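*Asks:*
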Amino acid sequence: MKSLDWMDSALCAQTDPDLWYPEGSGQHARTALRVCDQCPVRPECGEYAQGVEDASDGRRYGAWAGLSACQRNRQTSASAARDAQIIALTAQNLTAAQIGDRLGITGRTVDRVRATHRQQQEAA
Numbered sequence: 068m069k070s071l072d073w074m075d076s077a078l079c080a081q082t083d084p085d086l087w088y089p090e091g092s093g094q095h096a097r098t099a100l101r102v103c104d105q106c107p108v109r110p111e112c113g114e115y116a117q118g119v120e121d122a123s124d125g126r127r128y129g130a131w132a133g134l135s136a137c138q139r140n141r142q143t144s145a146s147a148a149r150d151a152q153i154i155a156l157t158a159q160n161l162t163a164a165q166i167g168d169r170l171g172i173t174g175r176t177v178d179r180v181r182a183t184h185r186q187q188q189e190a191a
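To convert, count from 1 in the sequence shown and add 67; that's the working numbering.
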């Protein structure tokens, strides 16, 4: 398990906790996201949020890593569609570089998606 020491540097730990789980989409969400914009640990927060949300059947609540729950839902849907394209193009024997060029992403991203797909196939 990864260390959570990064949380000590998170700006949200120094503000009103109610900002991060607003009722509705009012000013509180915008205020929380403005705090996130300045936070030095956004990447760590985003990775942590993904793990928490995956463990809770993908349910998304509150602001994490500068994104609202709705924004994270859209991002996840877009990533899933992109990943499906990568797997389909891989089946056509395209290289990671060719797929990256077609989709406007890096070959490293293609390799990461392929590796995750292989692991899921092996686990099934």
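Built from N, CA and C at the ideal position, the CB exists for glycine as well. Just so we're clear, the structure is a prediction, and the values are computed from it rather than from any experiment.
#1: Using 7 angstroms as the threshold, is the C-beta distance between Ala163 and Asp150 below it?
#2: Which first and last residues belong to the alpha helix (DSSP H) in which Asn210 is found?
#3: Since Val108 and Ala77 are thought to touch, with beta carbons under 8 angstroms apart, how far apart are those beta carbons, to the nearest angstrom?
#4: Using 7 angstroms as the threshold, is the C-beta distance between Gly129 and Trp87 below it?
#5: Going by DSSP, what residues sit across from Trp87 in a beta bridge?
#6: Based on Cα-Cα distance, which residue from Glu114, Ala80, Tyr115 and Glu111 lies nearest to Ala99?
#7: Hey, out of Thr157, Gly133, Gln152 and Ala191, whose CA is closest to Ala48's CA?
*Replies:* Let me lay it out:
#1: No.
#2: The structure shown does not extend to residue 210, since the chain is modelled only from 68 through 191, so no value can be given for it.
#3: Their Cβ separation, rounded to whole angstroms, is 5 angstroms, which keeps Val108 and Ala77 in contact under 8 angstroms.
#4: Closer than 7 angstroms, so yes.
#5: Paired residue(s): none; Trp87 is not in a bridge.
#6: Closest option to Ala99, Cα to Cα, is Ala80.
#7: No statement about residue 48 is possible, as the shown extent of the chain runs from 68 to 191 and does not include it.
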